[in-house]
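Trainee: The structure's right below; bear with me while I get my questions together.
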Amino acid sequence: MWSYVLKRLLLMIPTLFGVLLITFVVIQFVPGGPVEQMVAQFQGFEAGGEGPGAAQAGYRGRQGVDAVRVEEIKKLYGFDKPPHERFIQMIGQFARFDLGRSFYHNKDVAQLMLEKLPVSISLGMWTFVLIYLISVPLGIMKAVRAGTRFDTATTFVVLLGYSIPSFVLGVVLLVYFAGGTYVQWFPLRGIVSTNWADLGLWGKVTDYLWHITLPVTAMVVGGFAVITILTKNSVLEEVRKQYVLTARAKGVDERVVLWKHVFRNALIPIMTGFPAAFVGAFFGGSLLIETLFSLDGLGLLSYESVIRRDYPVVFGSLFVFTLIGLLTHLIRDLTYVWADPRVKYFD
24 MWSYVLKRLL
34 LMIPTLFGVL
44 LITFVVIQFV
54 PGGPVEQMVA
64 QFQGFEAGGE
74 GPGAAQAGYR
84 GRQGVDAVRV
94 EEIKKLYGFD
104 KPPHERFIQM
114 IGQFARFDLG
124 RSFYHNKDVA
134 QLMLEKLPVS
144 ISLGMWTFVL
154 IYLISVPLGI
164 MKAVRAGTRF
174 DTATTFVVLL
184 GYSIPSFVLG
194 VVLLVYFAGG
204 TYVQWFPLRG
214 IVSTNWADLG
224 LWGKVTDYLW
234 HITLPVTAMV
244 VGGFAVITIL
254 TKNSVLEEVR
264 KQYVLTARAK
274 GVDERVVLWK
284 HVFRNALIPI
294 MTGFPAAFVG
304 AFFGGSLLIE
314 TLFSLDGLGL
324 LSYESVIRRD
334 YPVVFGSLFV
344 FTLIGLLTHL
354 IRDLTYVWAD
364 PRVKYFD
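Right, dumping it as structure tokens:
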């Protein structure tokens with residue numbers, strides 16, 4: 024077992040290297056890097072404007088910035104070195120788990136990600152818990168009542184929710200319930216109010232739940248289908264097996280057959296998906312939702328770092344997310360072996 028784990032850990036190194044290399048090469052051909060953005064800011068200021076927006080609005084006082092200043096900007100961001108040296112330097116930093124320093128925020132990337140992590144954890148926790156609390160019982164009920172009107176109706180509802188992208192549903196919720204066109208029952212942005220620190224305990228709890236309702240709803244609705252259908256199919260597959268027929272033939276109570284035998288075995292594929300679903304809820308599905316609802320989490324940070332060409336944050340978050348994803352897949356495989364001893368990945 025330990026040799027298998029060690030092998031998987033060693034295989035993560037070339038995978039991480041390949042992901043970072045491909046992304047680094049692609050970024051070299053993307054226009055509008057941090058040097059170009061800083062030059063545009065200097066052009067705007069020297070033209071009498073008030074910032075980068077002025078430069079984009081049409082100020083053309085000086086058509087360029089002198090070469091000395093451009094070289095200083097390149098040296099400031101480390102672009103005075105050739106690409107291969109910058110890549111090797113970045114890999115060396117990541118090997119020491121040094122994620123670098125943000126160009127835009129002037130903070131360590133690790134510190135910046137830790138500051139944004141609570142918002143993403145909050146979204147992911149509620150999404151994960153609600154999806155499983157609703158999907159697993161619903162899937163069992165659909166399996167028990169397979170072929171009935173209840174099964175057909177719930178399948179239609181679940182697949183309808185799955186067909187609507189979370190960010191589209193988020194826009195609809197904002198328009199209808201956050202002051203867009205109809206009512207303003209929920210806030211438009213943020214995870215807490217500006218006066219949250221001055222509220223009492225109950226006021227803080229209600230204010231937090233008030234802000235989190237719409238984004239969590241947008242993330243949860245689309246996640247029902249996979250777990251619900253997986254649970255239903257797993258239960259139906261177990262019900263048709265010989266040991267269930269034997270238990271029924273012996274006169275075992277139907278509820279005992281369902282909950283003691285069928286349910287325990289049917290949950291094996293669902294349990295093994297817990298690690299991936301748990302981590303994916305935190306880091307995978309919140310980017311668009313955080314951007315749409317202006318929630319200051321890792322998703323919004325990643326989006327803004329790409330727009331601003333904040334490369335240390337881009338590569339730092341990519342390195343962390345990829346590493347977490349690879350470790351999650353390893354944990355999932357080990358969990359499957361633990362849940363079902365019949366499965367063997369190793370000798």
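Taking the numbering used here, the leading residue of the sequence shown gets 24, the next gets one more, and so forth. Note that CB positions come from ideal geometry on N, CA and C, so glycine has one too.
1. Beta-carbon separation of I252 and V181 under 9 angstroms?
2. Residues in its own chain within less than 6 angstroms of V159 by CB, not counting five upstream and five downstream?
3. Does DSSP put Q207 in a helix, a strand or coil?
4. In whole angstroms, what separates the C-alpha of F68 from that of K98?
5. CA-CA distance, A289 and R331?
6. Measuring CB atoms only, is the segment 240 to 248 touching the segment 150 to 159, in the sense that at least three cross pairs come out at less than 8 angstroms?
7. Could you tell me whether the Cβ atoms of M24 and V343 are closer together than 9 angstroms?
8. In angstroms with no decimal places, state the Cα-to-Cα distance between G123 and L353.
9. Three or more beta-carbon pairs under 8 angstroms between the segment 199 to 217 and the segment 167 to 176, yes or no?
10. Around the C-beta of E261, are 16 or more other C-beta atoms found within 10 angstroms, so that it is buried, or is it exposed?
11. Which of the three DSSP states, helix, strand or coil, is assigned to R119?
12. Just the C-alpha distance for F226 and F209, rounded to the nearest angstrom, thanks.
13. Can you grab the Cα-Cα spacing for the pair L39 / Y266, in whole Å?
14. Using only CA atoms, which one of R119, K139 and V48 lies nearest to E108?
15. Cα separation between L43 and Y199?
16. Opposite A176 in the DSSP bridges: which residues?
17. Short of 7 angstroms in beta carbon distance, which residues of its chain neighbour A169, apart from the five on each side in sequence? Order them along the chain.
18. How far does the alpha helix (DSSP H) with I330 in it reach, from first residue to last?
19. Return the Cβ separation of V142 and L318 in integer angstroms, given the expectation that the two are a contact with Cβ distance under 8 angstroms.
20. Cβ of A201 within 9 angstroms of Cβ of L232?
21. Starting from I157, follow the alpha helix (DSSP H) in both directions and report where the run begins and ends.
22. What are the residues that DSSP puts in a beta bridge with R124?
23. Please report the residue range of the alpha helix (DSSP H) in which S257 lies.
24. How long is the line joining the alpha carbons of V275 and Y185, rounded to whole angstroms?
25. Mind checking who A270 pairs with in its DSSP beta bridge?
26. Tell me whether the beta-carbon of L146 lies closer than 9 angstroms to the beta-carbon of I235.
Mentor: Once the coordinates are examined:
1. yes
2. T254
3. strand
4. Residue placement at F68 cannot be trusted, given a pLDDT of 48 that sits under 50; what the coordinates show is reported in the next sentence. So the alpha carbons of these two residues sit roughly 21 angstroms apart.
5. 47 angstroms
6. yes
7. no
8. 27 angstroms
9. no
10. buried
11. coil
12. The sequence as given places Gly at residue 226; Phe does not occur at that position. Each residue's alpha carbon lies about 15 angstroms from the other.
13. 45 angstroms
14. V48
15. 41 angstroms
16. DSSP, once it has assigned bridges, lists no residue as partnering A176.
17. L259
18. L321 to I330
19. 5 angstroms
20. no
21. V132 to V167
22. D131
23. F247 to V262
24. 38 angstroms
25. Partner(s): none; A270 has no beta bridge.
26. yes
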